[in-house]
């Protein structure tokens, strides 16, 4: 078990009391655990949030369970009141899985083994550094937050023109084809699942917001928390702008790929394969 | 002048009532869509635009084509078109009314439509499309109305109108160029990501629009005492012929690039349209029908005897409109979304409410067109009487 966010803050807090620096403090209070967690700057201070997804770890976890693992997806959709429409055409997806061949369709290889071809890959909004969805939005309802690079959605301003859905080359945007409260009750017995997070009206676009509401409180995104909780640690969230950060370290140590990099969108989601 | 729209034959009133009934049905369906959400349409997360945006695209073209009568008359002093410029301008007005309504019915949150003006966003092409369409509509209303008023009084129109006319000519090109830019600048939508998109749009507009205008002239000639003129229709037919040849040529250029380069992303949407992809081929019969119609219309247009015969010319115009409509009003949008970003295929077909709403908007446009044409033709009839 690594040092999680709360623990890290606690340790650095005590350390400050004792007048110690961050790394030194961790070495004293929790020796040997730094490498596992590699914390970046405080979660409210990131300049360019990014995520590194270790597909190997994810698959390891998938293999452990009979029906695979949907912990991160379940956690996200519960936290954000994402209903299940029971209909792929109207599905709302913040974080979901696609087989490798569909997640990386620009890497076709007829000689790929069947198992690789069908390997589930976790997908979410890429929070592109150069987001085409933001470029096309006629009301600035979707915008890139200057402070930390998160591509945000103002669901109270969105007119539902769906230009952003046409512009996103990753299928990361979902439209509320109907009123979420009218989603099939048998599939959503407890909707809304989180009273603290706003529900959506019909007719607006939504997507992953990198859990901006949790980051503001100094917590990791819900998917990352859940993945850590079950001990898979396949998702690492951190600041790409900081050369010493956890994500930058992972990018230094591993070969990573991004989805459709040739389009110039500069995705901030990286995959260790 | 508008009072002339209130005096008409039984046939005139019957036609208006027919349109009003279609509008009523469309409005009812739209209210259903408004309360239930866009899930009542055939659109989906993968094919997130459909029939509505296809019609927007098609009728922006029809609107822009008004310039095909305005430009020869005002820039080249081709006097014959003086008789029908008003028909071209009013067709443009009615088309833009439809375009704006098609955007409106496509919105998930139509009550927030003013957000486009409250939060102007110059980096969005939709913002510019809103501006060019509205200005083009205003230009055509002001120009058409003033020129017609002057004609009724037997006077020359005022000088400042001429300035607006000169502005309206490049403006017509701009509306369809900007509409093409809605699609042509999106990364990852291979069928749309082509530099020739605006040129294709203009060529298909400049054949489909004047073809519709020819049919309208023939109808006006039949139901009123005003004759738009033989020479006028003949010249329009020539414009339609050249524009359709260019339109088909541009499409063949797309085919060459896709199939000689053999790049899958470029080939897939076209294969989807004409053959089917991933088990979905519901548009293939339509696209082949469009191809046959296109060839048929070109044969009838290129052969001088059939082009000059009003009967066969009308057939040529009708099949040309069908061909370009299938290409632009149906295939263009769906193929842009096919295959989806995961290279799988989701089928799209409009639902009954979606079709009825579309018909309701078309009926609204034709109502505006009928009223405007009634006024224009009444004034022309009085002038010749």
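Chains as they are written, first to last, in the numbering used here: chain Z, -6 to 266; chain G, 6 to 390.
Glycine included, every Cβ here is placed at the ideal spot set by N, Cα and C.
All values reported here derive from a predicted model rather than from experimental measurement.
Exercise. Alpha carbon to alpha carbon, how far is residue 49/G from residue 198/G? Give it in angstroms, no decimals.
Key: Taking the second chain and counting its residues from 1, one reaches residue 198/G at position 193. Taking the second chain and counting its residues from 1, one reaches residue 49/G at position 44. Straight-line Cα distance between these residues: approximately 21 Å.
Quiz item: Per DSSP, residue 276/G is paired with what?
Solution: Within the second chain, numbered from 1, the residue matching residue 276/G stands at position 271. BP columns for residue 276/G are empty, so no partner.
Quiz item: Around the Cβ of residue 79/Z, are there at least 16 other Cβ atoms within 10 angstroms (buried) or fewer (exposed)?
Solution: Mapped onto the first chain, residue 79/Z falls at position 86. Exposed.
Practice problem: Using only alpha-carbon positions, find the residue among 164/Z, 160/Z, 185/Z, 165/Z that is nearest to residue 172/Z. | Solution: Residue numbering aside, residue 172/Z sits at position 179 when the first chain is read from its first letter. For the residues 164/Z, 160/Z, 185/Z, 165/Z, the minimum Cα distance to residue 172/Z belongs to 185/Z.
Quiz item: Got a sec: which bits of the stretch 117 to 132 of chain G sit with their beta carbon under 7 Å from any beta carbon on chain Z, in order along the chain?
Solution: 117, 118, 120, 121, 124, 126, 128, 129, 130, 131, 132
Quiz item: With respect to the beta strand (DSSP E) encompassing residue 101/G, which residues constitute its N-terminal and C-terminal limits?
Solution: Indexing the second chain from 1 puts residue 101/G at position 96. Residue 101/G -> not in any beta strand (DSSP E); alpha helix (DSSP H) instead, spanning 90 to 111.
Quiz item: Who does residue 232/Z pair with in a DSSP beta bridge?
Solution: By one-based count along the first chain, residue 232/Z stands at place 239. Answer is 42/Z, bridged to residue 232/Z.
Exercise. Take residue 147/G as the anchor and find which of 127/G, 359/G, 94/G, 274/G has the nearest alpha-carbon.
Key: As a first step, residue 147/G must be located in the second chain, where it is residue number 142. Checked all of 127/G, 359/G, 94/G, 274/G; the closest Cα to residue 147/G is 94/G.
Practice problem: Just mark residue 388/G as buried or exposed, buried being the case when its beta carbon has 16 or more other beta carbons within 10 Å. | Solution: The residue given as residue 388/G occupies position 383 in the second chain. Exposed, since its Cβ has fewer than 16 Cβ neighbours within 10 Å.
Quiz prompt | Counted within 10 angstroms of its Cβ, other Cβ atoms place residue 108/Z as buried (16 or more) or exposed | solution = Here residue 108/Z refers to the residue found at position 115 of the first chain. It is exposed - the Cβ of residue 108/Z has fewer than 16 other Cβ atoms within 10 Å.
Self-check item: Three-state secondary structure assigned by DSSP to residue 254/Z
Solution: Indexing the first chain from 1 puts residue 254/Z at position 261. Three-state result, residue 254/Z: helix.
Quiz item: Taking C-alpha atoms, which residue in 229/G, 246/G, 19/G, 210/G lies nearest to residue 311/G?
Solution: Stepping through the second chain from its first residue, residue 311/G is reached at position 306. If we check each option's Cα against that of residue 311/G, 246/G comes out closest.
Exercise. Compare the C-alpha of residue 149/Z against each of 175/Z, 180/Z, 196/Z, 118/Z and name the closest.
Key: Here the question's residue 149/Z lines up with position 156 in the first chain. The shortest C-alpha separation from residue 149/Z is found at 196/Z.
Quiz item: On the three-state DSSP scale, how would you describe residue 152/Z?
Solution: By one-based count along the first chain, residue 152/Z stands at place 159. Looking at residue 152/Z - three-state DSSP - the assignment turns out to be coil, as it is neither helix nor strand.
Quiz item: Which residue or residues does DSSP assign as beta-bridge partners of residue 90/Z?
Solution: For the purposes of this step, residue 90/Z is taken as the residue at position 97 of the first chain. 115/Z, per the DSSP bridge assignment.
Practice problem: For residue 69/Z, return the contacting residues in chain G, with the cut-off set at a CB-CB distance below 7 Å. | Solution: Numbered from its first residue, the first chain carries residue 69/Z at position 76. Going along chain G, no residue has its Cβ under 7 Å from residue 69/Z, so there is no contact; the nearest lies around 17 Å.
Quiz item: Whose Cβ in chain G lies nearer than 7 Å to the Cβ of residue 122/Z?
Solution: Along the first chain, one-based indexing puts residue 122/Z at 129. None at all; the shortest Cβ gap to chain G is about 14 Å.
Quiz item: So who's on the other strand from residue 194/Z, going by DSSP bridges?
Solution: Within the first chain, numbered from 1, the residue matching residue 194/Z stands at position 201. In the DSSP output, where bridge partners are listed per residue, residue 194/Z has none listed.
Exercise. Mind listing, in chain order, the continuous alpha helix (DSSP H) runs of no fewer than 4 residues lying wholly within the stretch 223 to 284 of chain G?
Key: 235 to 266, 269 to 279
Quiz item: So which residues on chain G does residue 163/Z lean against when the C-beta distance must stay under 7 Å?
Solution: For the purposes of this step, residue 163/Z is identified with residue 170 of the first chain, where counting begins at 1. In chain order: 346.
Quiz prompt | Residues from the stretch 124 to 151 of chain Z in contact with chain G, defined by Cβ distance under 7 Å | solution = 125, 128, 129, 130, 131, 132, 133, 150, 151
Quiz item: Where do the ends of the beta strand (DSSP E) carrying residue 375/G lie?
Solution: Along the second chain, read from residue 1 onward, the residue named residue 375/G stands at position 370. Looking at the DSSP string, residue 375/G is not in any beta strand (DSSP E); the run it does join, the alpha helix (DSSP H), is 357 to 389.
Quiz item: How about the stretch 240 to 256 of chain G and the stretch 274 to 284 of chain G: do they share at least three Cβ pairs that are nearer than 8 Å?
Solution: no
Practice problem: Mind checking who residue 221/Z pairs with in its DSSP beta bridge? | Solution: As a working mapping, residue 221/Z is identified with position 228 in the first chain. None, per the DSSP bridge assignment.
Exercise. Tell me whether residue 209/G is buried or exposed, calling it buried when 16 or more other Cβ atoms sit within 10 Å of its Cβ.
Key: By 1-based counting over the second chain, the position of residue 209/G is 204. Residue 209/G should be labelled buried.
Practice problem: Would you verify that the beta carbon of residue 176/G is, or is not, closer than 8 Å to some beta carbon of chain Z? | Solution: What you label residue 176/G is simply residue 171 of the second chain in a count that begins at 1. Closer than 8 Å: no.
Practice problem: Compute the Euclidean distance between the alpha carbons of residue 9/G and residue 152/G, then round it to the nearest angstrom. | Solution: As a first step, residue 9/G must be located in the second chain, where it is residue number 4. As a first step, residue 152/G must be located in the second chain, where it is residue number 147. One C-alpha to the other measures close to 16 Å.
Quiz item: What three-state label does DSSP hand residue 33/Z in the structure shown?
Solution: Walking along the first chain from the start, residue 33/Z turns up at place 40. Confidence at residue 33/Z is low in this model, with a pLDDT of 47, below 50, so its placement is unreliable and no value can be given for it.
Quiz item: Taking Cβ positions only, does residue 259/Z come closer than 8 Å to chain G?
Solution: Numbered from its first residue, the first chain carries residue 259/Z at position 266. Chain G contact via Cβ: absent.
Quiz item: Alpha carbon to alpha carbon, what distance is there between residue 150/G and residue 170/G?
Solution: Your numbering for residue 170/G matches position 165 in the second chain. Your numbering for residue 150/G matches position 145 in the second chain. Cα to Cα, residue 170/G sits roughly 12 Å from residue 150/G.
Exercise. In the DSSP assignment, find the unbroken alpha helix (DSSP H) run with residue 264/Z in it and report its ends.
Key: As a working mapping, residue 264/Z is identified with position 271 in the first chain. That residue, residue 264/Z, is in no alpha helix (DSSP H); its beta strand (DSSP E) goes 262 to 265.
Quiz item: For residue 75/Z, which of helix, strand or coil comes out of DSSP?
Solution: Position 82 of the first chain holds residue 75/Z. Three-state DSSP puts residue 75/Z in coil, outside helix and strand.
Quiz item: For residue 200/Z, which residues in chain G fall below 7 Å Cβ to Cβ?
Solution: Locating residue 200/Z in the first chain gives position 207, where the first residue counts as 1. Here the premise fails: no neighbours, minimum Cβ distance about 11 Å.
Quiz prompt | Per-residue DSSP class, three states only, for residue 202/G | solution = Position 197 of the second chain, counted from the start, is the residue given in the question as residue 202/G. Looking at residue 202/G - three-state DSSP - the assignment turns out to be helix.
Quiz prompt | chain Z residues whose Cβ lies nearer than 8 Å to that of residue 54/G | solution = In the second chain, counting from the first residue as 1, residue 54/G sits at position 49. Those within 8 Å of residue 54/G in chain Z are 155, 159.
Quiz item: So, using beta-carbon positions, are residue 134/Z and residue 147/Z closer together than 8 Å?
Solution: Against the first chain, residue 134/Z aligns to sequence position 141. Against the first chain, residue 147/Z aligns to sequence position 154. Yes, they are a contact pair.
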